[in-house]
Amino acid sequence: MTEQETLLGAPGARLRSAWQAARGSHPQARVRDIAAILGVPEASLVASQVGEAARRLGSDFAALIRALPTLGEVMVLTRNQHCVHEKVGSFGRISIPGHIATVANGEVDLRIFLNHWHHGFALEEALPEGKTRRSLQFFDAEGVAVHKIYARPETDLAAWEALVAAHLAPAQDDSFAPITLPAAPPLRPDAEIDVAALRQDWLALEDTHDFARMLRAHKAGRHQALRLVGEDLAFRLTPAAPRALLEAAADSATPIMVFTRNRGCIQIHTGPVHNIKVTGPWLNVLDARFDLHLREDAVAEAWVVRKPTRDGWLTAVELYDSTQEYFTLFFGGRKPGQPELESWRGIVASLTKA
């Protein structure tokens, strides 16, 4: 049995010890990075803190989400392997008709896929100068983080503690048993896709939310559809597109929409961006209430994607990694019923084709 396999099934005390040792060797590493170094899911390290810095939450995540407006202002964080999306705001305008929860409260704009929320924890981490960092962290069945909520100075800490107390799991154990999710089925070969029918249905779209349903109907992958549908509807840009896009949006004060996704959550920023900085491989937006950290070296392909809607044609820039999975989308800032901004179209037209 390898050291990683031993740690994967280790009790909390042993994982805590391994975490502390790894932190000593990698003082700047975040918990996600240390989990990768140790070869365990991030949720294993968080669970190992139960009884000390962490408390395990129950599984009624819909009820917990409905209670989040009581906290007031918080910071919400959704990330994937290549992009971290952070927003400051408060919860509200929550709708949970089934396994999809929608939070549409302006700055906090989320689409939550509850069937991928399997584990939750409340953490209180000691920081230098006697400060405490409080967070609510949620993970999928494999132990990958799907969403995190951090307290801020403006957060109602009494409401925070009341929410945690009301949603504690009956068993406060420090173990974590990941479940390996089944791999996605292989795509159909390109030759089996009826491209003419795909184009016909694409051109008949009236709402961007119908796009995924259309792909399922044609049993086509997203990247596959972009490759096949024709350059009038989708064409490639160079991987430098996201930096050029963000800098142009900042220079022109054009509001944009930024979608960052994982299997359990999509988090959306709508508005302007201002402070664009590049640090090593990271392309960053560092604004007062919105931070984005995007690895430029993970952008294998960038695509312009055009869709018709009741409000006119909409244009997106979609980022794909080396596995042909999309991880971040950009649109022009708009609300339903409004046409796309001409300034956004101008930004997209200025980007370099591949």
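The sequence shown maps to residues 1 to 354 in UniProt numbering.
Ideal Cβ positions, reconstructed from N, Cα and C, are used throughout, including at glycine.
Quick caveat, the model's predicted, so the values are computed rather than measured.
Counting only runs that start and end inside the stretch 35-120, the alpha helix (DSSP H) elements of at least 4 residues fall at 42-47 and 61-67. The beta carbon of Asn275 sits closer than 6 Å to those of Leu286 and Asp287, all from its chain and outside the five residues before and after it, given in chain order.
Take Gly72, set aside five residues on each side of it, and the residues of its chain with a beta-carbon closer than 8 Å to its own are Ser90, Glu154, Thr155, Asp156 and Ala159, in chain order.
Here Thr254 is not bridged, per DSSP, to any residue. Assignment of beta-bridge partners to His269 by DSSP yields Val258. The Cβ atoms of Phe331 and His82 do not sit closer than 7 Å to each other.
Bounds of the beta strand (DSSP E) holding Gly312 are Gly312 to Tyr320. Within its own chain, the residues whose Cβ lies closer than 7 Å to the Cβ of Val108, once the five positions on either side in sequence are excluded, are Val76, Lys87, Gly89, Ser90 and Phe91, listed in chain order. Beta-bridge partners assigned by DSSP to Ala122: Arg55 and Leu136.
Leu246 is the residue among Thr70, Thr323, Glu301 and Leu246 whose C-alpha sits nearest the C-alpha of His269.
Exposed is the label assigned to Ala212, since fewer than 16 other Cβ atoms lie within 10 Å of its Cβ. His218 has its alpha-carbon roughly 10 Å from the corresponding atom of Glu192. Partner residues in the beta bridge of Arg295, as assigned by DSSP, are Trp282. By alpha-carbon distance to Asn284, the top candidate from Val258, Thr309, Val305 and Trp303 is Val258.
Judged by DSSP secondary structure, His223 falls within the alpha helix (DSSP H) whose first and last residues are Arg222 to Val229. Judged by their CB atoms, Asp174 and Ser48 are nearer to each other than the 7 Å cut-off.
Boundaries of the alpha helix (DSSP H) around Val164: Leu157 to Ala166.
Counting along the chain, the unbroken beta strand (DSSP E) around Leu237 starts and ends at Ala234 to Leu237. Of Val74, Arg111 and Ala349, the smallest CA-CA separation from Phe235 is found for Ala349. Looking at the DSSP output, Phe327 sits in no beta bridge, so it has no partner there. Note on Val278: under 16 other CB atoms within 10 angstroms of its CB, so exposed under the neighbour-count rule. Cβ-Cβ distances below 8 Å link Ile37 to Ala22, His26 and Ala29 in the same chain, with the five nearest sequence neighbours on each side left out; the list follows chain order.
Here DSSP, grouped into helix, strand and coil, assigns Ile347 to helix. Within the same chain, Phe259, Ala316 and Glu318 come within 6 Å of Leu329 by CB-CB distance, once the 5 residues on both sides are set aside. Secondary structure at Ala302: strand, using DSSP grouped into helix, strand and coil. Taking each of Ala43, Leu127 and Leu294 in turn and checking the Cα distance to Gly143, the smallest one comes out for Ala43. Put simply, of Lys335, Trp313 and Ala298 the residue whose alpha carbon is nearest the alpha carbon of Ser322 is Ala298. The three-state secondary structure of His209, taken from DSSP, is helix. With a cutoff of 7 Å on beta-carbon distance, Phe113 and Ile94 are scored as not near each other.
DSSP lists Lys87 as the beta-bridge partner residues of Phe290. Using a Cβ-Cβ distance cut-off of 8 Å, the stretch 249-258 and the stretch 57-72 are not in contact, since fewer than three pairs of beta carbons, one from each stretch, lie closer than that value. By the criterion of a C-beta distance shorter than 7 Å, Arg334 is surrounded in its chain by Glu340 and Leu341, once the five residues flanking it on both sides are discounted. If you look at Ala13, you'll find it in the alpha helix (DSSP H) that goes Gly12 to Ser25. With contacts defined by Cβ atoms closer than 7 Å, Asn80 and Asn262 form a contacting pair. Taking C-beta atoms as the reference points, Leu228 and Val195 count as a pair closer than 7 Å.
Nearest in C-alpha terms to Ala249, of all of Gly346, Glu161 and Ala18, is Gly346.
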